[in-house]
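Residue numbers (the numbering used here): 50 to 217.
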């Protein structure tokens, strides 16, 4: 029943193709490529057990248990500190991502098209969800009250994507 429900939710939102053709696979980078100051440990990412390298709650590189590939990168509250923003933008440049933290929502939509759906997390924080089922890719752009890119999730793990979609 759960699998059927997940499939129906994904079908509802997955008929959207956005352009990430130039983006490198997130498996091609590690957090230690961009900073020597970070922690590591067991981690649960949206109900999936694994291991993470993380810089506070700001930047998380997640690998599922038994897998040596990064299956999710999470960026949160990136505009709070300039040093964090610099590291986060270097990571995005490292995977040749077409927008950077601080960029405006209009640029995100220009590069990726309209989101599959958007929602509000807090009064001034909005999330814009992009799902490409064929590529096994989920992007969630968080924007602040000035519509600047503030947070981002890049997920390639099907279990995490399914969990995110069933939570909507």
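Each residue gets a CB set at the ideal place from its N, CA and C atoms; glycine is no exception.
Rounded C-alpha distance that separates residue 102 from residue 202 = Along the chain shown, read from residue 1 onward, the residue named residue 102 stands at position 53. Along the chain shown, read from residue 1 onward, the residue named residue 202 stands at position 153. Residue 202 has its alpha-carbon roughly 15 Å from the corresponding atom of residue 102.
inquiry  = Going by DSSP in three states, residue 63 sits in which element: helix, strand or coil?
reply    = If you number the chain shown from 1, residue 63 lands on position 14. Summary for residue 63: the model assigns pLDDT 47, below 50, so the residue's position carries little reliability, and this model does not support an answer.
task = Starting from residue 101, follow its DSSP beta bridges and name the residues at the other end.
result = Within the chain shown, numbered from 1, the residue matching residue 101 stands at position 52. Per DSSP, 90, 111.
inquiry  = Under DSSP, the alpha helix (DSSP H) around residue 154 begins and ends at which residues?
reply    = Locating residue 154 in the chain shown gives position 105, where the first residue counts as 1. It spans 154 to 161 - the alpha helix (DSSP H) in which residue 154 sits, taken as one unbroken run.
7 Å Cβ shell around residue 169 - same chain, five flanking residues per side excluded = For the purposes of this step, residue 169 is identified with residue 120 of the chain shown, where counting begins at 1. The residues are 175.
ask   = Helix, strand or coil: how does DSSP classify residue 148 here?
value = Walking along the chain shown from the start, residue 148 turns up at place 99. Residue 148: coil per DSSP, three-state reduction.
ask   = Looking at residue 181 and residue 97, is the spacing between their C-beta atoms short of 7 Å?
value = Position 48 of the chain shown, counted from the first residue, corresponds to residue 97. Position 132 of the chain shown, counted from the first residue, corresponds to residue 181. No.
inquiry  = Taking only three categories from DSSP, how would you classify residue 192?
reply    = Taking the chain shown and counting its residues from 1, the one referred to as residue 192 is at position 143. Note: residue 192 maps to strand in three-state DSSP.
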